[in-house]
Structure formats: structure tokens, C-alpha cells
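Protein chains in written order, with my numbering: chain G, 3 to 426; chain V, 66 to 428.
The structure under discussion appears below in the form of C-alpha cells.
Spelled out as C-alpha cells, the structure:
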């Protein structure tokens, strides 16, 4: 009795075919294929858009941080000669002759300016050496060694030649080394820059510290608001929600500049303090154009990104949890700390991660109100993009920032789990 | 039985209003004896849950006094009342394991670690979940979560346990099973339970006494059998079980009995339970299973001709809808026994009933 249906079932599961005899899996795959195709069609416009405007530029930028075509293209003969150079004493006349030829060619092809700039990023002062020598190289005669050293004494330095040789490869790591305040010395070893030229590591540190302060501050300010939002009756919470979202409808620039109005030495806050007699007219405090101002303005601007994920998590915490805890004998505060707060952790995680990631890449606000010590790494990236035109270094700095965010995300994922992330 | 024993909970002329305009609970007086299983039964909005929340301490009392074991508790915060509570959605803490959930009330009472372990284990055994202490509530089925919630409300040995429609989220079969489990736990532990539900069969199954709420007032407070057999008013008769309601006017009162002229024609002799004087309006309540088909002539005082409209086969009985004395929806339950009457739709039969089964209630 019992055996018959069992064998029937196993034999069925072995064949598993449709009525007309095709394998069931094939039939299923065919019917699912149209569905999948439709799904891809729906995603395609956005995917294309993101690839073209987001992924491709990022990849291009990251590649720029390691690519280095200028020296290889414009000083090919010099580099060939320098291949056999020991790097300890000055190279032979052959190298000088090759350099002279290369410089003349570069001047002719109008690449000399860019070549000079590139070499100057690595060893400052080389710009005038290259351009100056290039101008005179036509009239030079052999021996080039003496002529060139006479034209610019730096040609007599081993360092100049090792810089050229070091920048020879088309893929190099000097940008990343520069981004962490390191570089090659004459002997080709990696070493720290001189103390007065170390800026990036401390700036990364300050960026992280300020982002951390902004994150913690917005958590402390945002948590009570989110709690209120989640526990108020709907008609009040809607109004409060509009107040929370209001900043989104105002331009970032307007919000930042209004902080200047409020916080500057002759601003509203200082005026009120003096008027209240809290301190004298001469004691007005500098609240903006420094790190403090950056933190205050950024906290206000990033606050909604903390409030919204927190709110969405708190909304799902049923009030009966708190009531249950109280009925079980826990004081309101105990219940709050042991039951309510632990259940908001996914929201705290999501909000903090969001605010922190946005903060470390923030640009406009520190640029406007940061002054000297309120600058962040993004401001320096902008500087290298727009002013010094050292795109390679800017890309390396950006690459490190991106890497940091990815590591952070990975950490969060392995500690808390991204599936617990709730953004609203 | 428990009427004479010690009173644990007493509501004294308790009133409750949320907006200062409407009374949700109107002058409630209620006593719950120690060991009682009292169910507050009523339609939604009848004030039963509000009463429970006032007792638990989550809603302030607008007027009146609630005492627990003789002590007024109006101003005692919920966490000091020592009342266990089972919520509609169980309210198990999702970030804690089952064992941690059970340990929570003991931890906040500063019970020693060793004691906690023993009592949690005992509580888990009581609800047959010994193997599930390490699981998260989300990994349990609805019925198991329900059991954990009950165990958590009992683990700190409260004198009183409140249950707010705890079985509402379960399917029918599980609900019936849990009803018996809760009933047995109550019997074994002797704990006092105040239970809120809108499901009358749940109330009838578990309770020692039932308070039927409507419109902020207790309509009747009685053990289940009294409530069903002897409803005090038309609301209770209609709310508990199935009921035939016949409207009419009192014609004559003879001691315990009365004679009622029905609106649809016919004169019925009934038990005068809750009526005004002669000429007042009344509703007669008659249970569908108390109607006899084709009674022996002369055996019953009330016999009328009925026209069978519809027969519904329901297994254990045949539900018959008939037209009698101008009443279109007169229901009779004919048991599916070997000698049951064979009826056909659109035929005429005689229906009869006794005076005791026909209660004249308020109109």
C-alpha cells in the first residue's frame, strides 16, 4: 500500500517533463526568458545613464591617478639612454645629447609646457629648468653636458635625472605616494616628504575627525526628533516632517551662506550675545571660517539624512514593546534603553553611515565657511583639479577617499549586515 | 463558587473619557475575585480594552478608583503594579532570544542569575518550548510566539494576568487549541486572569465569568452558562450565541410569565425577565435549538405554523430558516439525529416552544 505511491513519485521526479515530452526545466527557462528580458529593458535606460555619467568617469579618473604618458612620449631617447644609467653619478654625454634632442622636439610639438609641469609636480623647480633649457637648446653644441649645465645648473644634479627616469614608466604610483605625503628620494627609496610639505595625511585625519564629529552631533540632535516624529499623532508628525524636509527645498548655497550671516563676528548670534551682555563688544567670538563653522553648518545640512532612516526604523517599533517592558516591571528609562534603543540600531547604523560617507566627501560648505583650518580633503581635490591642474594627484586623493568609503561599507556589512540597513 | 472569596481587583464607579466630551467607560463597577478568569466581551468600541488599559496603568482613570488587593492603584505606574500582560501582537522583544525575553522581567526585579535560569527553564517547560530558548521570536510560529508571550507574563509570578485579545492573530484551529492551553494554565497555576476578546466562543470556552460590554456599560456579568441561557437584556441575547428575536407589546403579566402580542400577528406566552408594564414594547429571545418541530399537540403552550424558506445542511445540524408570525428570518436548528424531522423547502410545519425558553426582554 505504502510503497506504490512512493515509487510513482520518485519515477516522476526523475523524468520531470511537460505533457508533450520536453524537459520541464527547458520549458520553464523559456517562459522565464521573456520575463527577464522585460526586466532588463526596464532597467536599461537608467543603467546606460549611470554607466555613461557615473561609472565611466570614475573609472577614467581612477586610471588618471596611475597613468603617466607625458614623459614617456616626449623624452623617449633620454629614457632609453637612462635605462643603463646606474643612478649614482651623473649620466654620460649620451644622455645629455638625447635630452637636448628630446627637449627640442618637445618644444617643436608644443608639449614642452605640459612636460615641464609634470616634472615640476615631482620635483619643484624643474619647470623653469625644462622650459629654459628648451628655449636655448637650438643654439647648443656638443658637448651638451657642459652646455646644459651652464644653461641650468640643475642638470648637474643627479636628482634631476633620477626624477626623469622615475617618471619614465606609463603606469606609476607616485600620485598615490604623494597623496600620503611620500615620495622617492634620489636613491629611489620611498620616504616621507619634508615636514613642511606634509599636508595630505593630516588633512585626511582632519576630514575623518570632522566627519565623525558631524555624525555624532547629528545622531544626538536627530534621535530625539526622529523619536518625536515616530510617536506623534499623524497630523502633527506630518507638519514636523515638513520642517525636517524643508532644508531639502532650499539651495545648499543659501543654507551655507545663511550660516555666515548668523555666525560671523558681526553676525546675528554675536550681536545677540553682546546685547545680552554675555560678553563685551571686543570679545566677539569667531564661530565661522574655521573648523567649528564647518562642523556646525555641515551638521545642520546633513541632519535630515540622519533623521529619515532613524524615523523609518522607529516607525516600525510597535508601541506595545514599551508597554510590555513596563508591564513586566521595567521603569520607563530601563524600558527605553533596553528595549527601544536596541531596536533602533539598524536606523542608527544607516543614518550614521549615510551622514559619515556624505561628510567625508563634502565640498561646498567647507569651501565657503571652512576658512583655513576648516578645509577638508575634497577642497584640496578641487584645488588640484582647478588650480594646480595636477589631475593625477587629485584622482589619487579621490581614489583613496573612495577606497575608504568602500572599506567602511564592507566593515558595516560584516558587523551589522547591509540587509538590516533601512533608509526609509 | 468564587463569589465569596477574596476580591483582588475592584473598579469603583470608574469613568473614562479621551476627549472630555464622550464617556468611553460609563460608571463601571466590577469585582474580580482571586483565581477568577474574567472575560470582558463586547464589540469593538465598547470600552473593554480601555478598561484593561486602565487596569494595566497605560491609561489614566478619568474618575473613580481601581484597587488591586485592596490598594488603590490609580497613581501607581505600570511597572510597579506587578501585573503580567499578554498583548494582541505578543510584543516579544525582537532583539532578544526567547530565554532573554523570559529573563527580562526577572532581571529588572534583580533576581539572581541562578534563580533566573531555573525559573526561565520552568516557564519554558510549562508552555512546552524547552528546546526553543535560544531562538529569536521571529523564528517561531504564531502559536509558539503566543506561548512565549504567556510564559513571559507569568514567569515573575504576578497575582494578576491581563490578556488583550491574545489569540486574534491565530488561525481557527490553533486558536481553539490555545484556548484550552490557556484555560489549563489558569487552572493549574490558580492565577487570576482578566481577558479581553470580541470572540464569544473564546469567552465561553475559557471564562469562569464573562462581563458583556456595550457602549461603555457592563450589560451583564455572569458565568458562561447563565449568560447563554438567561440573558438579562436583548443586547446580551443577541450578542451571545444565535438568537431569534421577536418584537411585540406586553398584553398581560401573570406572575413570572407574561403574554405578548407579536407585531407580525400571534400571541406568545413568555417568561417576564426584563419588561415594563402592560402595553410596553418587548423583544422575545428564543434560542434556535429550543424550538420543537411538529410538537405533540397540547404539550407546548406556544405553537405556530411556519413556512420553511431554506434548509442548510451543516453536518451536525440542519439550519432551517422559516417564516413564522410575520418574522422572515426565524432560525431553527434541527439536530442531525436518527429521529430528526424531515423537512422540505416551501412546506408548512408546526413550530412550538416552552415558556421558559422564550424570554421577554427590554424592547
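C-beta: ideal position from N, C-alpha, C; glycine also.
Computed from a predicted model, the values in this text were never measured in an experiment.
Reference residue i; option with closest CA among the options
{"i": "residue 88/G", "options": "167/G, 138/G and 379/G", "result": "167/G"}
{"i": "residue 157/V", "options": "166/V, 149/V and 176/V", "result": "166/V"}
{"i": "residue 93/G", "options": "160/G, 213/G, 359/G and 413/G", "result": "160/G"}
{"i": "residue 253/V", "options": "307/V, 282/V, 219/V and 237/V", "result": "219/V"}
{"i": "residue 342/V", "options": "325/V, 290/V and 244/V", "result": "325/V"}
{"i": "residue 114/V", "options": "375/V, 373/V and 263/V", "result": "263/V"}
{"i": "residue 94/V", "options": "292/V, 281/V and 298/V", "result": "281/V"}
{"i": "residue 295/V", "options": "350/V, 145/V, 82/V and 332/V", "result": "350/V"}
{"i": "residue 255/G", "options": "364/G, 51/G and 231/G", "result": "364/G"}
{"i": "residue 387/G", "options": "48/G, 20/G, 63/G and 35/G", "result": "63/G"}
{"i": "residue 178/G", "options": "410/G, 392/G and 415/G", "result": "392/G"}
{"i": "residue 186/V", "options": "211/V, 160/V, 221/V and 204/V", "result": "221/V"}
{"i": "residue 413/V", "options": "390/V, 403/V and 373/V", "result": "373/V"}
{"i": "residue 271/V", "options": "355/V, 103/V and 173/V", "result": "103/V"}
{"i": "residue 128/G", "options": "385/G, 162/G, 102/G and 100/G", "result": "162/G"}
{"i": "residue 33/V", "options": "97/V, 74/V, 358/V and 227/V", "result": "The first residue shown for chain V is 66 and the last is 428, placing residue 33/V beyond what the model contains."}
{"i": "residue 395/V", "options": "319/V, 427/V and 312/V", "result": "312/V"}
{"i": "residue 286/V", "options": "84/V, 308/V, 71/V and 107/V", "result": "107/V"}
Bridge-paired residues (DSSP) for residue i
{"i": "residue 333/G", "result": "Note: residue 333/G sits in no beta bridge, so no partner."}
{"i": "residue 346/V", "result": "314/V"}
{"i": "residue 413/V", "result": "372/V"}
{"i": "residue 108/V", "result": "DSSP output for residue 108/V lists no bridge partner at all."}
{"i": "residue 271/V", "result": "DSSP, once it has assigned bridges, lists no residue as partnering residue 271/V."}
{"i": "residue 418/V", "result": "367/V"}
{"i": "residue 287/V", "result": "275/V"}
{"i": "residue 96/V", "result": "75/V"}
{"i": "residue 323/V", "result": "318/V and 335/V"}
{"i": "residue 7/V", "result": "This structure does not reach residue 7/V, given that chain V is present from 66 up to 428, and the question cannot be answered."}
{"i": "residue 377/V", "result": "384/V"}
Rounded C-alpha distance that separates residue i from residue j
{"i": "residue 330/V", "j": "residue 393/V", "result": "13 Å"}
{"i": "residue 67/V", "j": "residue 419/G", "result": "Note that residue 67/V scores 42 on pLDDT, short of 50, meaning its location in the model is unreliable and no value can be drawn from it."}
{"i": "residue 86/V", "j": "residue 127/V", "result": "12 Å"}
{"i": "residue 191/V", "j": "residue 400/V", "result": "39 Å"}
{"i": "residue 376/G", "j": "residue 345/G", "result": "36 Å"}
{"i": "residue 270/G", "j": "residue 309/G", "result": "27 Å"}
{"i": "residue 367/G", "j": "residue 313/G", "result": "26 Å"}
{"i": "residue 352/V", "j": "residue 345/V", "result": "23 Å"}
{"i": "residue 408/V", "j": "residue 242/V", "result": "36 Å"}
{"i": "residue 143/V", "j": "residue 412/G", "result": "43 Å"}
{"i": "residue 229/G", "j": "residue 277/G", "result": "35 Å"}
{"i": "residue 452/G", "j": "residue 42/G", "result": "Nothing about residue 452/G can be reported from this structure: the residues present for chain G run from 3 to 426 only."}
{"i": "residue 151/G", "j": "residue 300/G", "result": "53 Å"}
{"i": "residue 7/G", "j": "residue 380/V", "result": "The pLDDT assigned to residue 7/G is 47, lower than 50, so where the model puts this residue is not dependable, and the model offers no usable value."}
{"i": "residue 303/G", "j": "residue 233/G", "result": "24 Å"}
{"i": "residue 110/V", "j": "residue 329/G", "result": "23 Å"}
{"i": "residue 56/G", "j": "residue 311/G", "result": "25 Å"}
{"i": "residue 249/G", "j": "residue 240/G", "result": "15 Å"}
{"i": "residue 387/V", "j": "residue 230/V", "result": "36 Å"}
{"i": "residue 137/V", "j": "residue 235/G", "result": "31 Å"}
{"i": "residue 248/V", "j": "residue 32/G", "result": "56 Å"}
Chain-order list of residues whose beta-carbon lies under 6 Å from that of residue i (same chain, five-residue window excluded)
{"i": "residue 125/G", "result": "165"}
{"i": "residue 370/G", "result": "258"}
{"i": "residue 377/V", "result": "384"}
{"i": "residue 13/G", "result": "Low local confidence applies: a pLDDT of 49 at residue 13/G is under 50, so the model's placement there is unreliable, and no value is given."}
{"i": "residue 215/G", "result": "297"}
Residues near residue i by beta carbon distance below 7 Å, same chain, minus five either side
{"i": "residue 323/V", "result": "315, 317, 335, 337, 340 and 425"}
{"i": "residue 300/V", "result": "279 and 284"}
{"i": "residue 290/G", "result": "261, 262, 265, 266 and 371"}
{"i": "residue 195/G", "result": "183, 184 and 185"}
{"i": "residue 96/G", "result": "83"}
{"i": "residue 217/G", "result": "354, 357, 358 and 361"}
{"i": "residue 20/G", "result": "26 and 29"}
Same chain, Cβ closer than 8 Å to residue i, five either side skipped, listed in chain order
{"i": "residue 154/V", "result": "234"}
{"i": "residue 70/G", "result": "120, 169, 171, 172, 173, 174, 176 and 394"}
{"i": "residue 362/V", "result": "368"}
Residue-level contact to chain C via CB, residue i, 8 Å cutoff
{"i": "residue 121/V", "result": "The displayed structure is made up of protein chains G and V, and chain C is not among them."}
### Query
If you scan the segment 215–293 of chain G from start to end, which runs of the alpha helix (DSSP H) of 4 or more residues do you find wholly inside it?
Qualifying alpha helix (DSSP H) stretches, in chain order: 236–247, 254–265 and 270–278.
### Query
In chain order, which alpha helix (DSSP H) runs of at least 4 residues are fully inside the segment 95–171 of chain G?
Complete alpha helix (DSSP H) runs here, min 4: 95–110, 114–124, 128–138, 146–153 and 160–168.
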